[in-house]
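There are 2 protein chains.
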Amino acid sequence: MTDSRVTVREVARAAGVSVATVSRVINHNGRFSAQTEARVREAIERLHYQPNQLARGLRQQRADAVGVIVPNISNEFFSRMIVTLQAGLFAAGLSIVIYNTNHDPDMERQCHASLAAQRVSGIVSANSLEDVRAAVRRDVPTLYIDREVPEGGLGPNVSSVMSDNVASGRLAARELARSGCARPMVLTATAGFPVTEVRTRSFAQELARLGVPLDKKRVIHPPATDFPSGHDAVAAALDAGLDFDGVFAQTDRLAMGALEALHERGVRVPEDVAVVGHDDILLARFGRPPLTTIAQDPERIGSLAAQIMLQMIAGELEQGRHELVPVRLVRRESTMRGQNVA
Amino acid sequence: MTDSRVTVREVARAAGVSVATVSRVINHNGRFSAQTEARVREAIERLHYQPNQLARGLRQQRADAVGVIVPNISNEFFSRMIVTLQAGLFAAGLSIVIYNTNHDPDMERQCHASLAAQRVSGIVSANSLEDVRAAVRRDVPTLYIDREVPEGGLGPNVSSVMSDNVASGRLAARELARSGCARPMVLTATAGFPVTEVRTRSFAQELARLGVPLDKKRVIHPPATDFPSGHDAVAAALDAGLDFDGVFAQTDRLAMGALEALHERGVRVPEDVAVVGHDDILLARFGRPPLTTIAQDPERIGSLAAQIMLQMIAGELEQGRHELVPVRLVRRESTMRGQNVA
DNA sequence: TTGAAAGCGCTAACAA
DNA sequence: TTGTTAGCGCTTTCAA
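Going down the list, the sequences are from chains A and B.
Counting from 535, one number per residue, gives the positions in the first sequence under the numbering used here.
Counting from 535, one number per residue, gives the positions in the second sequence under the numbering used here.
Following this line, the structure appears as C-alpha cells:
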C-alpha cells in the first residue's frame, strides 16, 4: 500500500538525483533529460512515494482543496450538485471540504474562518446569507450558487451559477394558465433562498401578460420550505376561505404538503386546483397525484461550478463568470386539465 | 475579515513575546502567566490572526481533517449521516474531506491515496469494498460504516458502526408473518452492500422460527438497489408465475419499484401481497400504499461515528469500538392486513 | 540540465 | 515562565 513516510529525499537518493530534480519531474517544471525522468519515475513507483500535500500546500501558500458551504447537504438538490462538483474537482487533483450551515449566518462565518485557516484554493457557497462583497475582501476565488451578484460582477475572483429563475416563474405561470387557472396562489421559499423573489416576480409578470392577475393576498410566505409548511399554509388558506384554483409552490416539499392538505379537505387535484412544484426531487413523481414541477439540473450546476472554479484558480478569468442553468417543465397529473390534457 | 497573511511572528511581535509563547497560548501547552496570555490573546484578536493549518499539519505530521468515503453522497442515508458526522467533528476542530466512489473499487483506492497524501487524521469509509485489513496496514484510524469486521477486531485503529441488521431481518420477518404471509419473497441489495446477507439470513431464520419457510427461489438479487431494479425484478417474477404473497425489499427504492410493478399488474397491496422496505427514506410515506419499512438512524450513526473517530484519534481506545445502532419498524399501510390491522 | 539551499508557518526540544 | 532554534517536506530561486 501507500507508505506515507517516504519523502522526496529518499526518492532523490534512490534515483541518484537531487530533491530539486524530483520535484521538477513531479510537477513537470523546468527541464530534465528523459533519462533522468525515467529514473525518478521508477524510484517513485518502487518506493510508493506520495507527495505530502501539507508541505506542498505550505510552500505554495495554498492547499489543493476547495471549501464547499451548503445549508444542508441532506437536501437532495445540494447533494446531487456536490456529486458532480466533487468529481470535476477531483479530476483536477482538488479535494473538497464540506460544511453545513443550517442557514445560520454565524455558522457560515465560522466555516469561512476555518477555510481561511486551511488556505483552500477556492470556495463554493450555496444560498449564502453573507454580503457578497465579503468574497472580494477575502481574495479567494468564490463561486456562489443561487445567489444574485450585482450588475457588472465583482472582479475576477467572484463567479456565480444558478438556475434560470426567471424561466422558472414563467414556465409555472404558463402551465397554470394553460390549465385554466384564474386565481393562482404562490407559496414562496423565503427562508435563506435569495432567489425566491425573482421567481415570484417573473411568475406574476408572465401571468399578467397572459391576462391573469396575481392578487397579493394569494402570495403566501410559509415559515420554512418543507412538507409541513406547505401543508399548514394551504390548510390555513382553505380555512380562511381564500379562493384559489392553482398553486405554484417554490419547492417540491412545499408542493407535496399542499397536495396533502388539499386531499384532506376533499379538494380535487387537478380538477379543482392545479399544482406546480419546483425542483423535481425524487418525491415529485410519487405525489397524489404525481406532481407537475419545474426541474432544476443540479448535476449540470455542479459540473459547471467545478469548471468555473478551476478557471478562477488557474487565474484564467479576467472577470468572474455568471451562468444561468436552464430549467424545464416536467408535466405530470397535478396540472392535467383543460388544454394540458390534449 | 480574517486576514490570512498574519503569522505567529507578527502576533509575537505585537504582544512583545516569542513565537513559542504564542504557540503555547494557542494550544494550551506548557505554562505561561495569565498576563502573558491576555497580551497574546489581545494581539491575536486585534490582528485577526488565523493559524495556518498547513504549517501546523506539516509540523504535527497530520492534518486536522478526516476523510469520508461514501458510494454516493446523494444517497439519502449517507447525506443524512454526514450531516451529524460533520457537525460532531467540526465541534472538535476537524473538517471533513468527502469522496464518492460510485461503488468503484479503483476509485476507492484513488481516494485512499489522496487521503494518505493529505495526511488526514482519520478515515470514515462507508460500504467499503476493500479488504478491511488494508486499514490496519495504513495505520490511520479508520471507521467502517456498514461493514463487518472479523471477530476480535483489528486493533485500536479500526472501528465500525452499523445498523443492527440482524434485527432488521427479524423485524421484517415478524411483520410479514403477522400479515399472514406464507410465501415471502426477498429482494436483496447485493451490489456493494456487504450487509445484505446478514439481513437475509436473519430474515430466513426468524421466518423458520415462526413456521414459515423461505424458499430459495424467492430470494432475488436485483442488479442494483434502485427503483427500476425493484420494478423490473417484481415484474419479471410475476411474468415467470412466481407465487408469492409478501416482499421484503432491502432498500426502500427497491420496495417502491416493487409497489409500482404490483400496481401495474393489478396485484393489490396489502391484500394480495404485503410489502416491507428498508431504510425509511422520505419517499416511503408516499408509496402507493404508504410503505411499511425498517427505519435506520443515519443521524445517530453519524454522531456515533464522530465520537468514536475522535476517541481513536486521541489514542483513547485500547481496542476499536464496534457498535450496532438499533433499527425500528415503521408500520404503514403496505402491511396492514390480518393481525396488523388490529 | 542539474544541484544547493532558503524558507513557507508552525511546534517542540532544549536553554535560560 | 519564557526564548531560541531546528526542522516537518516541499518548491523555487540562484548558481553551476
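Note that beta-carbon positions come from the ideal geometry of N, C-alpha and C, so glycine has one too.
Contained beta strand (DSSP E) runs [length at least 3] in the segment 591 to 629 of chain B, N- to C-terminal order:
597 to 604
Opposing strand residues paired with residue 688 of chain A [DSSP bridges]:
As a working mapping, residue 688 of chain A is identified with position 154 in the first sequence. Answer by DSSP bridge pairing: none, since residue 688 of chain A is not bridged.
Over what stretch of residues does the beta strand (DSSP E) that includes residue 780 of chain A continue unbroken?
As a first step, residue 780 of chain A is located in the first sequence; it is residue number 246 there, counting from the start. Residue 780 of chain A -> beta strand (DSSP E) spans 780 to 783.
Neighbour flag for residue 782 of chain A against chain B, beta carbons, 7 Å
If you number the first sequence from 1, residue 782 of chain A lands on position 248. No, residue 782 of chain A does not count as interfacial toward chain B.
For residue 613 of chain B, decide whether its Cβ has a neighbour in chain A, counting only Cβ atoms nearer than 7 Å.
Stepping through the second sequence from its first residue, residue 613 of chain B is reached at position 79. Closer than 7 Å to some Cβ of chain A, the Cβ of residue 613 of chain B qualifies, so yes.
Taking beta-carbon pairs under 7 Å, can you tell me which members of the segment 585 to 596 of chain A lie near chain B?
585, 586, 587, 588, 589, 591 and 592
At 8 Å on the CB atoms, spell out the chain B contacts of residue 653 of chain A, in chain order.
For this step, residue 653 of chain A is matched to residue 119 along the first sequence. Those within 8 Å of residue 653 of chain A in chain B are 538, 586, 587 and 588.
In the segment 624 to 671 of chain A, which residue ranges form an unbroken beta strand (DSSP E) of at least 3 residues, counting only runs that do not cross its ends?
629 to 634 and 654 to 660
Chain B contact for residue 650 of chain A (CB, 7 Å cutoff):
Numbered from its first residue, the first sequence carries residue 650 of chain A at position 116. So, interface residue.
Nearest residue (CA-CA) to residue 655 of chain A, options A/596, A/693 and A/641:
Along the first sequence, read from residue 1 onward, the residue named residue 655 of chain A stands at position 121. Ranking the options by Cα distance to residue 655 of chain A, first place goes to A/596.
Going along the segment 818 to 837 of chain A in order, which residues come within less than 8 Å of chain B, judged by CB to CB distance?
820, 821 and 822
Chain B residues whose Cβ lies nearer than 8 Å to that of residue 620 of chain A
Numbered from 1 along the first sequence, position 86 holds the residue referred to as residue 620 of chain A. Correct list: 607, 632, 633 and 634.
Do we get a CB-CB distance below 7 Å when we pair residue 617 of chain A with the residues of chain B?
On the first sequence, position 83 is the one that residue 617 of chain A refers to. At least one chain B Cβ lies under 7 Å of residue 617 of chain A.
Using a Cβ-Cβ cut-off of less than 7 Å, give me the residues of the segment 702 to 722 of chain B that come near chain A, in sequence order.
none
Anyone know if the C-beta pair for residue 733 of chain A and residue 780 of chain A falls short of 7 Å?
Within the first sequence, the letter at position 199 stands for residue 733 of chain A. Within the first sequence, the letter at position 246 stands for residue 780 of chain A. In this structure, residue 780 of chain A does not lie closer than 7 Å to residue 733 of chain A by Cβ.
Sorry if obvious, but does the Cβ on residue 651 of chain B come closer than 6 Å to a heavy atom of the ligand FMN?
Judged by which ligands are present, the structure shown has none, so any question about the ligand FMN falls away.
By a C-beta neighbour count over all protein chains shown, 10 Å radius and 16 as the cutoff for buried, is residue 718 of chain A buried or exposed?
Within the first sequence, numbered from 1, the residue matching residue 718 of chain A stands at position 184. Residue 718 of chain A should be labelled buried.
Give the straight-line distance between the Cα atoms of residue 644 of chain A and residue 602 of chain A, rounded to the nearest whole angstrom.
Within the first sequence, the letter at position 110 stands for residue 644 of chain A. Within the first sequence, the letter at position 68 stands for residue 602 of chain A. Approximately 13 Å, taken between the alpha carbons.
Give the secondary structure of residue 762 of chain B by DSSP, where H, G and I count as helix, E and B as strand, and everything else as coil.
As a position in the second sequence, residue 762 of chain B is number 228, starting the count at 1. Helix at residue 762 of chain B.
Can you name, in chain order, every residue of its own chain whose Cβ lies under 6 Å from the Cβ of residue 546 of chain A, other than the five neighbours on each side?
Walking along the first sequence from the start, residue 546 of chain A turns up at place 12. Result list for residue 546 of chain A: 552, 553 and 556, in chain order.
When burial is assigned at 16 or more other CB atoms within 10 Å of the CB, is residue 579 of chain B buried or exposed?
Numbered from its first residue, the second sequence carries residue 579 of chain B at position 45. Burial call: exposed.
Counting along the chain, where does the beta strand (DSSP E) carrying residue 864 of chain A start and finish?
Counting from one through the first sequence, the residue named residue 864 of chain A turns up at place 330. Taken as a continuous stretch (DSSP letters only), the beta strand (DSSP E) holding residue 864 of chain A covers 862 to 864.
Under 7 Å, do residue 840 of chain B and residue 622 of chain B count as touching if we go by C-beta distance?
One-based indexing of the second sequence puts residue 840 of chain B at position 306. One-based indexing of the second sequence puts residue 622 of chain B at position 88. Contact: yes.
Considering Cα atoms alone, identify which of B/825, B/629 and B/667 is closest to residue 690 of chain B.
Against the second sequence, residue 690 of chain B aligns to sequence position 156. Selected option, being the one with the closest Cα: B/667.
At 7 Å on the CB atoms, spell out the chain B contacts of residue 816 of chain A, in chain order.
One-based indexing of the first sequence puts residue 816 of chain A at position 282. By Cβ distance, chain B contributes 817.
DSSP-derived helix/strand/coil call for residue 549 of chain A:
Counted from its first residue, the first sequence places residue 549 of chain A at position 15. Residue 549 of chain A falls in the helix class under three-state DSSP.
Between residue 875 of chain B and residue 709 of chain B, is the Cβ-Cβ spacing less than 7 Å?
In the second sequence, residue 875 of chain B corresponds to position 341, counting from 1. In the second sequence, residue 709 of chain B corresponds to position 175, counting from 1. The answer is no: Cβ separation not under 7 Å.
Give me, in chain order, the residues of the same chain whose beta-carbon lies closer than 8 Å to that of residue 536 of chain B; leave out the 5 immediate sequence neighbours on both sides.
Against the second sequence, residue 536 of chain B aligns to sequence position 2. Since pLDDT at residue 536 of chain B reaches only 49, below the 50 mark, its modelled position is unreliable, and no value is offered.
Would you mind giving the Cβ-Cβ distance between residue 705 of chain B and residue 861 of chain B, rounded to the nearest angstrom? I have them listed as a contact below 8 Å.
Numbered from its first residue, the second sequence carries residue 705 of chain B at position 171. Numbered from its first residue, the second sequence carries residue 861 of chain B at position 327. 7 Å between Cβ atoms; contact.
Kindly indicate which three-state DSSP category residue 813 of chain A falls into: helix, strand or coil?
Taking the first sequence and counting its residues from 1, the one referred to as residue 813 of chain A is at position 279. Note: residue 813 of chain A maps to strand in three-state DSSP.
For residue 648 of chain B and residue 748 of chain A, what's the separation of their Cα atoms in angstroms?
Along the second sequence, one-based indexing puts residue 648 of chain B at 114. Along the first sequence, one-based indexing puts residue 748 of chain A at 214. Taking the straight line joining both Cα atoms gives about 54 Å.
Could you tell me which whole beta strand (DSSP E) segments of length 3 or greater appear in the segment 689 to 736 of chain A?
692 to 697 and 718 to 721
Taking a Cβ distance cut-off of 8 Å, strictly less, list which residues of the segment 776 to 804 of chain A are near chain B, in chain order.
790
Three-state secondary structure assigned by DSSP to residue 857 of chain B:
Numbered from its first residue, the second sequence carries residue 857 of chain B at position 323. It is a strand residue.
Would a C-beta distance cut-off of 7 Å place residue 786 of chain A and residue 813 of chain A closer than the cut-off?
In the first sequence, the residue the question calls residue 786 of chain A occupies position 252. In the first sequence, the residue the question calls residue 813 of chain A occupies position 279. Yes.
Using 7 Å as the limit for Cβ to Cβ distance, is residue 629 of chain B near chain A?
As a position in the second sequence, residue 629 of chain B is number 95, starting the count at 1. Closer than 7 Å to some Cβ of chain A, the Cβ of residue 629 of chain B qualifies, so yes.
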